[in-house]
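Take our numbering: the final residue in the sequence shown is number 807, and no numbers are missing along the way. Note that CB positions come from ideal geometry on N, CA and C, so glycine has one too. All of these numbers come straight from a predicted model, not from anything done at the bench. First up is the structure itself, then whatever we jot down about it.
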Amino acid sequence: YNAKTNSNSETAVGFNTVTNGQNSTAIGSGASATGQNSTAIGYNTTTSQYNAISIGNSSANVGIGTSTPNTTARLDVNGQYKLGSKGTVNKNQISFEVWPSVSINNLPSGKSTTMDIAIPAAMVPTSTKATIVVTPASDFAGNATFSISNPRMTSTSNITINLTNISGNAESLYSAHFYVTINEF
Numbered sequence: 623y624n625a626k627t628n629s630n631s632e633t634a635v636g637f638n639t640v641t642n643g644q645n646s647t648a649i650g651s652g653a654s655a656t657g658q659n660s661t662a663i664g665y666n667t668t669t670s671q672y673n674a675i676s677i678g679n680s681s682a683n684v685g686i687g688t689s690t691p692n693t694t695a696r697l698d699v700n701g702q703y704k705l706g707s708k709g710t711v712n713k714n715q716i717s718f719e720v721w722p723s724v725s726i727n728n729l730p731s732g733k734s735t736t737m738d739i740a741i742p743a744a745m746v747p748t749s750t751k752a753t754i755v756v757t758p759a760s761d762f763a764g765n766a767t768f769s770i771s772n773p774r775m776t777s778t779s780n781i782t783i784n785l786t787n788i789s790g791n792a793e794s795l796y797s798a799h800f801y802v803t804i805n806e807f
């Protein structure tokens, strides 16, 4: 009802939908595609930009490969994805905050030790093929005395990092706080 097209080769489907740019498409109640070659899909979705596709209004959640998109994300892709014209296919991007237990007592200057970081059970990737970033939080007790290097997955549920004493004296560390990102491919 009340769907309106205003130019050549346009399609408007739904209550109060409108198109006003050649070759544009509007689908869904209140959808509006006014840019040439544009498409608006979903309730009250609008686009006025040429050659653009808009899906959903400001409260929409789009799911690909899922019938129940995560409501805390704008886009929920269940499966592998590729970003960019030269991007590679990836499986999962996993991010979490962690306070792993640590007990390093008087590590000599320039010496290294390892630390394990458990991956939360609900976020365990499907393989150990991944790039990993471990960033110390601003309240990490070792920010001035320890460097982090060589993060690696020793299993699908564990990351091991190297901690090196970068101060001029023996140092101890009894608490840790990190932000971790895993890009599985």
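Cβ neighbour criterion (16 or more within 10 Å) applied to residue i
i, result
"Asn629", "Note on residue identity: the sequence assigns Ser, not Asn, to residue 629. Exposed."
"Pro745", "The residue asked about is misnamed: residue 745 is Met in this sequence, not Pro. Burial call: exposed."
"Asn700", "exposed"
"Ala766", "exposed"
"Asn673", "exposed"
"Gly643", "buried"
"Thr693", "exposed"
"Ser680", "exposed"
"Gly687", "exposed"
"Gly790", "exposed"
C-beta atoms of residue i and residue j nearer than 7 Å
i, j, result
"Pro742", "Asn714", "no"
"Val756", "Val724", "no"
"Ala655", "Ser646", "yes"
"Leu785", "Thr735", "yes"
"Glu632", "Thr641", "yes"
"Met775", "Ile781", "yes"
"Ser797", "Ala752", "no"
"Lys733", "Asn772", "no"
"Gln671", "Gly657", "yes"
Residue i to residue j span [Cα, whole Å]
i, j, result
"Gly650", "Ala759", "45 Å"
"Leu697", "Ile677", "10 Å"
"Lys704", "Phe807", "10 Å"
"Thr778", "Thr750", "6 Å"
"His799", "Ser769", "13 Å"
"Glu793", "Ile716", "32 Å"
"Ile754", "Gly706", "20 Å"
"Ser689", "Leu729", "52 Å"
"Thr668", "Thr661", "8 Å"
Completely contained beta strand (DSSP E) runs for the region 706-782, where each covers 3 or more residues: 714-720, 726-729, 734-740, 752-758, 768-777
Runs of beta strand (DSSP E) wholly within the region 659-714 (minimum 3 residues, chain order): 661-663, 675-677, 684-686, 697-699
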